[in-house]
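Undergrad: Just so you know, the sequences run in chain order E and P. Quick note on numbering: this note's numbering labels position 12 of the first sequence as 12, and the sequence is numbered without any gaps. Each position in the second sequence, counted from 1, maps to that position plus 1000 in this note's numbering. C-beta atoms are modelled at their ideal positions from N, C-alpha and C, and glycine is treated no differently. Because the structure is a prediction, the values reported are computed rather than measured.
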Amino acid sequence: MTIQVEHEIHNRRKGRNYGVGLLLAGFIVIIFGLTVVKVLQLGEVAQFEKFDHVARPQIIPEEGASE
Amino acid sequence: MSDVSATDRTYEANMGDYFALLKPRVMSLVVFTGLVGLLVSPVPVHPFIGFVAILCIAVGAGASGALNMWWDADIDARMKRTAGRPIPSGRVQPGEALGIGLALSGFAVVLLALATNFLAAFLLFFTIFFYAVVYSMWLKRATPQNIVIGGAAGAFPPMIGWAVATGSVSIESVLMFALIFMWTPPHFWALALFVKSDYGRAGVPMLTETHGRDVTRKHVIVYTLLLVPVAIGLGFTSIGGPVYLAVAVVMNAWFLKGAYDIWQRTDADCEADKHKVEIKVFKVSLYYLFAHFGALLIEAALRLYGIGGWA
Chain E
1 MTIQVEHEIH NRRKGRNYGV GLLLAGFIVI IFGLTVVKVL QLGEVAQFEK
51 FDHVARPQII PEEGASE
Chain P
1001 MSDVSATDRT YEANMGDYFA LLKPRVMSLV VFTGLVGLLV SPVPVHPFIG
1051 FVAILCIAVG AGASGALNMW WDADIDARMK RTAGRPIPSG RVQPGEALGI
1101 GLALSGFAVV LLALATNFLA AFLLFFTIFF YAVVYSMWLK RATPQNIVIG
1151 GAAGAFPPMI GWAVATGSVS IESVLMFALI FMWTPPHFWA LALFVKSDYG
1201 RAGVPMLTET HGRDVTRKHV IVYTLLLVPV AIGLGFTSIG GPVYLAVAVV
1251 MNAWFLKGAY DIWQRTDADC EADKHKVEIK VFKVSLYYLF AHFGALLIEA
1301 ALRLYGIGGW A
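(1) Note down, in chain order, all residues in the segment 27-39 of chain E with a beta-carbon under 9 Å from any beta-carbon belonging to chain P.
(2) Keeping to the same chain, check which residues put their C-beta closer than 7 Å to that of L1179 of chain P; ignore five residues upstream and five downstream.
(3) Which whole runs of the beta strand (DSSP E) in the segment 1032-1107 of chain P are 3 residues long or more, in chain order?
(4) Roughly how many angstroms lie between the CA atoms of S1168 of chain P and G1016 of chain P, to the nearest whole one?
(5) What's the C-alpha gap between L1055 of chain P and A1272 of chain P?
(6) Rounded to whole angstroms, what's the CA-CA distance from V1004 of chain P to Y1131 of chain P? Just pull it up for me.
(7) Determine the contact status of A1101 of chain P and A1058 of chain P, defining contact as a CB-CB distance below 7 Å.
(8) Roughly how many whole angstroms lie between the Cα atoms of S1002 of chain P and E8 of chain E?
(9) If you drop the 5 nearest sequence neighbours on each side, which residues of the same chain put their C-beta closer than 8 Å to that of T1216 of chain P?
(10) For G1310 of chain P, which three-state DSSP category applies?
(11) Give a yes or no on whether the C-beta atoms belonging to A1063 of chain P and S1028 of chain P are separated by under 7 Å.
(12) Short of 8 Å Cβ to Cβ, which residues in the segment 1044-1059 of chain P face chain E?
(13) Could one say the Cβ of G68 of chain E lies closer than 7 Å to chain P's Cβ atoms, at least one of them?
(14) Along the chain, where does the alpha helix (DSSP H) containing W1254 of chain P start, and where does it finish?
(15) Cβ atoms of G1151 of chain P and T1184 of chain P: under 7 Å apart, would you say?
(16) Let me confirm a value: D1072 of chain P is counted as buried when at least 16 other C-beta atoms fall within 10 Å, else exposed. Which label applies?
(17) So, helix, strand or coil for N1146 of chain P, using DSSP?
(18) Under the rule that 16 or more other beta-carbon atoms within 10 Å means buried, what is W1162 of chain P, buried or exposed?
(19) With 7 Å set as the bound, which would you pick, yes or no: does the beta-carbon of G19 of chain E sit closer than that to a beta-carbon of chain P?
(20) Enumerated in chain order, which unbroken segments of the alpha helix (DSSP H) with a length of 4 residues or greater are wholly contained in the segment 1125-1212 of chain P?
(21) Please report the residue range of the alpha helix (DSSP H) in which I30 of chain E lies.
(22) What number of angstroms, rounded off, separates the C-alpha of I1049 of chain P from the C-alpha of I30 of chain E?
(23) Confirm, please, whether the CB-CB distance from T1224 of chain P to F1259 of chain P is below 7 Å.
(24) What do you reckon, are the CB atoms on F1170 of chain P and M1159 of chain P nearer than 7 Å?
(25) In angstroms, rounded to a whole number, what distance separates the CA positions of S1285 of chain P and G1240 of chain P?
(26) Let's test the definition: count the other Cβ atoms within 10 Å of the Cβ of K1313 of chain P and tell me whether it reaches 16, buried, or not, exposed.
(27) With a 10 Å radius around its C-beta and 16 neighbouring C-beta atoms as the bar for buried, classify T35 of chain E as buried or exposed.
(28) Within a Cβ cutoff of 6 Å, which residues of the same chain sit near G1125 of chain P, ignoring the five residues on either side of it in sequence?
(29) Are the beta-carbon atoms belonging to F1129 of chain P and A1155 of chain P less than 7 Å from one another?
(30) Could you compute how far the alpha carbon of Y1135 of chain P sits from the alpha carbon of A1153 of chain P?
(31) May I have the straight-line CA-CA distance separating D1261 of chain P from V1220 of chain P, to the nearest angstrom?
(32) Taking E1012 of chain P as part of the alpha helix (DSSP H), name the residues at either end of that continuous run.
(33) Run down chain E in chain order and give the residues with a C-beta less than 9 Å from the C-beta of E1096 of chain P.
(34) When we look at the beta-carbon of T1007 of chain P and count the other beta-carbons within 10 Å, is it buried (16 or more) or exposed?
(35) Would N1117 of chain P pass as an interface residue toward chain E - the criterion being a Cβ-Cβ separation below 7 Å?
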């Protein structure tokens, strides 16, 4: 028996698959929302860029001025 | 490899079956008390972070429920009240419950740490550990005091909510914890006195069966007496106030009267009126907890207008 495009398991597990899909979508919304809130709470975006993998002293006023 | 083996099973678990693993009714109490702990704290929390924190607490509590159902499947199968749960009824496999419990625990703790702080996440982890390991695996089958110590797991949510906002533990959050912790034994034993349980058949030591109903009645009055100073004391902290104190005095008098009535009764009295008093006290215990946390919420709302608390 070959695997059919429309296998009966698709119908049998339809509810479960939709449920998992909704949960994953909810998870994305949560992570995205948290990211937005956390970044906005920083006030100025430079605060965020400061820790963006590479040191960028030019965007830190005090340190940039001393060099 | 022609067909999936899942077709061998006659029943396919749906989302509702998996959701039932999370003990939704317990979750609702956890959400309510956790939310109050968060809202009464002096530190404002961004609404979205607050929502995610409460979600994590709810999912964490649900995960510990799934782990409990996995571990206690043998007991559940032998008791009428629990025989219909997803695992004993065969709708969900034990391994699935274990997987869901562990995965959701990890998800809830890690997300809470990222969204709020490590103390809140640690408290959530400890709550799950306490319920799944200390209560379910160790105490439940070992001692009739199981629900006294195990009740701590249900008492942590307001403390977690408080830690989410403040990042600390303080007298207010400890007293909110103590309120639920001391409330659990009389609440549960009032129930045990009128519900015909089959814990004995399942091999779970319940006070009503190991020490008898008279001893259980004494326990109800003693634990209620110990509960009163905790409930009243909370009224004099920074989250209390006149409204809370008035509610606490009335509710404690009501609960104490009920516990005293239970203490004065005999098995013959119970048979005669079909446990009327015990059923009433059990209901009062539900109002009791709701009223105390509701009053804390009212105090917090009044403080927004500068009229709550003692100031």
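TA: The structure says:
(1) F27, I30, I31, G33, L34, V36, V37 and K38
(2) Correct list, in chain order: V1230, A1231, L1234 and H1292.
(3) With a minimum length of 3 residues, no continuous beta strand (DSSP E) run stays inside the segment 1032-1107 of chain P.
(4) 37 Å
(5) 46 Å
(6) For V1004 of chain P, the pLDDT reaches just 46, beneath the cut-off of 50, and the residue's location in the model is therefore unreliable, leaving the point undetermined.
(7) Note on residue identity: the sequence assigns Gly, not Ala, to residue 1101 of chain P. Taking 7 Å as the Cβ cut-off, G1101 of chain P and A1058 of chain P do not qualify as a contacting pair.
(8) Annotation note: pLDDT 42 at S1002 of chain P (below 50); position unreliable, no value reported.
(9) W1189, A1192, L1193, L1207 and T1208
(10) Checking the sequence shown, residue 1310 of chain P turns out to be Trp, not Gly. Reduced to three states, the DSSP call for W1310 of chain P is coil.
(11) no
(12) H1046, F1048, I1049, V1052 and L1055
(13) A query on residue 68 of chain E cannot be resolved here, the shown segment of chain E reaching from 1 to 67 and no further.
(14) Boundaries of the alpha helix (DSSP H) harbouring W1254 of chain P: P1242 to Q1264, taken from the DSSP string.
(15) A contact, by the Cβ cut-off of 7 Å.
(16) buried
(17) In the structure shown, N1146 of chain P sits in a helix (DSSP, three-state: H, G or I).
(18) So W1162 of chain P ends up on the buried side.
(19) So, interface residue.
(20) Scanning the segment 1125-1212 of chain P for uninterrupted alpha helix (DSSP H) segments of 4 residues or longer gives 1146-1166, 1171-1194, 1199-1202 and 1207-1210, listed from N- to C-terminal end.
(21) K14 to Q41
(22) I1049 of chain P and I30 of chain E have their alpha carbons spaced roughly 9 Å apart.
(23) Note on identity: in this sequence residue 1259 of chain P is Ala, with Phe being the wrong assignment. A contact, by the Cβ cut-off of 7 Å.
(24) Per the sequence presented here, residue 1170 of chain P reads as Ser, with Phe not at that position. Cβ distance not < 7 Å, so S1170 of chain P and M1159 of chain P don't count as in contact.
(25) 20 Å
(26) Past the edges of chain P, shown from 1001 to 1311, lies residue 1313 of chain P, and the structure says nothing about it.
(27) An exposed status is given to T35 of chain E, since fewer than 16 other beta-carbon atoms sit within 10 Å of its beta-carbon.
(28) Contrary to the premise, residue 1125 of chain P reads as Phe rather than Gly in this sequence. The answer, listed in chain order, is V1109.
(29) no
(30) 8 Å
(31) 10 Å
(32) Careful: E1012 of chain P lies outside any alpha helix (DSSP H) and carries neither H nor E.
(33) Within chain E, no residue comes near E1096 of chain P; the closest Cβ sits about 12 Å away, beyond 9 Å.
(34) Confidence at T1007 of chain P is low in this model, with a pLDDT of 45, below 50, so its placement is unreliable and the value that follows should be read with caution. The residue is exposed, with fewer than 16 neighbouring Cβ atoms inside 10 Å.
(35) no
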